[in-house]
Amino acid sequence: MPKKDDTHFNMTKKRTVDFHTPPNSLKYKVGQGGLSDDILSKAQALLENNTTDFRPLGEMYLDSMMRGINAAKACPDSTTQDETIIAAILFPAMQLKANGGMFHYNLVTSISDRLIQFLEVIDEIDPDAIEIVMAFHTTIRAILLGQIRGDGGQRGSDLMNALVDACYRYFEKYPDKKPD
Amino acid sequence: MSYKFDKIRVLVVEDNIPMLEICKSLLLTFGVGEVLSAKNGVDGFDIFCKENPDIVLADWMMQPMDGISLTRRVRNDPASPNQYVPVILMTGFSEKKRVVQARDSGVTEFLVKPFTAKDLYKRIAQIIERPRQFVRSEDFFGPDRRRKAVVNFDGPYKRESDADMAALQKKRMKEASKQLDRLRNKAGLSKGDKFGATDIDFT
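Chains as they are written, first to last, in this note's numbering: chain P, 18 to 197; chain C, 493 to 695.
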C-alpha cells in the first residue's frame, strides 16, 4: 500500500536536500533606501583618481608568466588538461586582466582578456601557441614600459588587432584546434 | 533615507596590497562601519572566526589559501561562526566554467575585476535585498545556485523582492490595455465584442 509521504516510492532515498532561509540580519542592520548617487560618485572618483603605480605589480605578473612560459617550453606537447602548466601562464594573465583596469591600464586588461580567451580554448601548448603567448607578453610589457594608460587610442587598437590576427592565423593553421 | 552601513563590518581578503587598499577605501566611502583585512585565505579565516563580520569580500587567487578554499571553510568548517555569511568573490575570470566553479564552492556573489564602485555596490545591495536561501545536500552546502532570470518570463511576480518587476509588468499591461482600447475604438468595436486580427486595422 503506497504511503502518501513516501516521496521515493519503495526505494531507498538517494539524495536528501534541505533548504534553509537564514534570517536576513544584514537587511535588519542596514535598513532601507540604498546609497545615494552622490556617495557612489565619490566612490567612483576615488577609483579614478587613485595614483598607485601599476607597473611594478604588472612586471611581477609578467615575470611570473614568463616562468610559466619557460615551464611550458620545457614540457613540449603538454596539454591544457595539465592544470599546473596552463595555470602558470593563465593565472598571471588573469591577474593582469583583473588589476590593469583597476589602475588605469585598461589596454592591459583587454589584451590580457584576449590572452585568457586563447588559453581557455587551446587544447595543446605547442610551440606556435607559445609564440602567441610570447607575443601577448611582449605587447603587455611594451604597454607598461610606454606607460600607455586607458585604451591606448588607435595605437592600442592596432596592437590588439595584431594579436587577435595572430590567434586567427593559429586556428587557421590548426583547424582541428578551433573551439567548438 | 539610505542604508546604515555604519552598522556593518566587512572583511576584505586580498593579497594585492594596492587592491586591498582600494577595496577598503571604497567600502569606507560607502559608509561601512569597520573594514577588516587579511592578505590570504588562511589569515582571512582566522580573522573571520575571531571577528564574525557581516560580509566577506575575497579575491580568488591567493597563496597559501585562495578565495574558493576560504569560502569552502567558511561554509563547512565546524569552527566557522557563521556558515551563512555572504561571500563576494572578486576575480578577473569571467568564463562560464570559472563562474560555475566559484558558485559550486558556495560563493554568494561574483564580482569581475576590473570593477566600478557601482558594481561593488550592486553586489552588496543584491545580498541585502535578494538573499539566497541555503541548500544542504550530500555534497554541497551554500547559497541556492538557481537564482536565474528568465528573459521571456511573462507570469506574475509574486515575491516581495520582485516589486520593481511587478510594477513594470503592471505598467506594461496598462499600456497594452490602452492600446487595445485605442484599436477597438478605431475599429468601432465595444469592449464586449469578439474580434479576430482581420477585424482591426493595426496600421
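Every residue gets a Cβ at the ideal spot worked out from N, C-alpha and C, and that includes glycine.
Since the model is a prediction, treat every value here as computed from it, not as a measurement.
- The Cβ atoms of residue 517 of chain C and residue 33 of chain P do not sit closer than 8 angstroms to each other.
- Between the alpha carbons of residue 622 of chain C and residue 657 of chain C lies a gap of roughly 13 angstroms.
- In this structure, residue 86 of chain P keeps its C-beta atom at 8 angstroms or more from the C-beta atom of residue 125 of chain P.
- Listed by position along chain C, the residues whose Cβ is nearer than 9 angstroms to that of residue 36 of chain P are 625, 626, 627, 628 and 636.
- By the criterion of at least three beta-carbon pairs nearer than 8 angstroms, the region 126–140 of chain P is in contact with the region 106–116 of chain P.
- Residue 118 of chain P belongs to the set of residues whose beta carbon lies under 8 angstroms from a beta carbon in chain C.
- For the alpha helix (DSSP H) assignment, the uninterrupted runs of no fewer than 4 residues enclosed by the region 29–117 of chain P are, from N- to C-terminal side, 42–47, 54–65, 72–91 and 100–117.
- Each residue's CA atom was taken as its position, placing residue 43 of chain P and residue 526 of chain C some 14 angstroms apart.
- Within a 10 Å sphere around the beta-carbon of residue 189 of chain P sit fewer than 16 other beta-carbons, which makes this residue exposed.
- In the structure shown, the three-state DSSP call for residue 571 of chain C is coil.
- Beta-carbon to beta-carbon, residue 559 of chain C and residue 505 of chain C are separated by about 7 angstroms, close enough to satisfy the 8 angstroms threshold.
- Shown here, residue 540 of chain C sits in a helix according to DSSP, grouped into three states.
- Annotation: Cβ neighbours of residue 587 of chain C in chain P (cutoff 9 angstroms, chain order): 133, 134 and 137.
- From the listed residues C/638, C/615 and C/566, the smallest Cα separation to residue 592 of chain C is found for C/638.
- Taking a cut-off of 8 angstroms for Cβ pairs, the region 530–543 of chain C and the region 604–619 of chain C do not touch, as fewer than three such pairs fall below it.
- For residue 657 of chain C, the secondary structure class from DSSP, reduced to helix, strand or coil, is helix.
- In the DSSP assignment, residue 155 of chain P falls within the unbroken alpha helix (DSSP H) covering 144–162.
- For residue 595 of chain C, the closest alpha carbon among the candidates C/564, C/570 and C/547 is that of C/564.
- The C-beta of residue 61 of chain P comes closer than 8 angstroms to at least one C-beta of chain C.
- By the neighbour-count criterion, in which 16 or more other beta carbons inside 10 Å mark a residue as buried, residue 121 of chain P falls on the buried side.
- Burial state of residue 666 of chain C is exposed, judged by a 10 Å Cβ sphere holding fewer than 16 other Cβ atoms.
- In this structure, DSSP gives residue 511 of chain C a helical state, which the three-state scheme calls helix.
- Judged by DSSP in its simplified three-state form, residue 556 of chain C adopts coil rather than helix or strand.
- For residue 633 of chain C, the enclosing beta strand (DSSP E) begins and ends at 633–635.
- Below the 7 angstroms Cβ cutoff, chain C contributes 495, 496, 497, 499, 500 and 620 as neighbours of residue 47 of chain P, in chain order.
- Looking at the DSSP output, residue 630 of chain C shares a beta bridge with no other residue.
- Scanning its chain for C-beta atoms nearer than 8 angstroms, with the 5 sequence neighbours on each side dropped, one finds around residue 499 of chain C the residues 525, in chain order.
- Along the region 161–192 of chain P, none of the residues has a CB nearer than 8 angstroms to a CB of chain C.
- Distance from the CA atom of residue 103 of chain P to the CA atom of residue 165 of chain P, rounded to whole angstroms, is 28 angstroms.
- For the pair residue 569 of chain C and residue 531 of chain C, the CB atoms are not nearer than the 8 angstroms cut-off.
- With a 10 Å radius around the Cβ and a threshold of 16 neighbouring Cβ atoms, residue 65 of chain P comes out exposed.
- When the alpha-carbon of residue 192 of chain P is set against those of P/139, P/156, P/160 and P/179, the nearest one is in P/139.
- For residue 568 of chain C, the closest Cβ of chain P is not nearer than 8 angstroms.
- Around the C-beta of residue 597 of chain C, 16 or more other C-beta atoms lie within 10 Å, and the residue is accordingly described as buried.
- Under the DSSP definition of a beta bridge, residue 564 of chain C lacks any partner.
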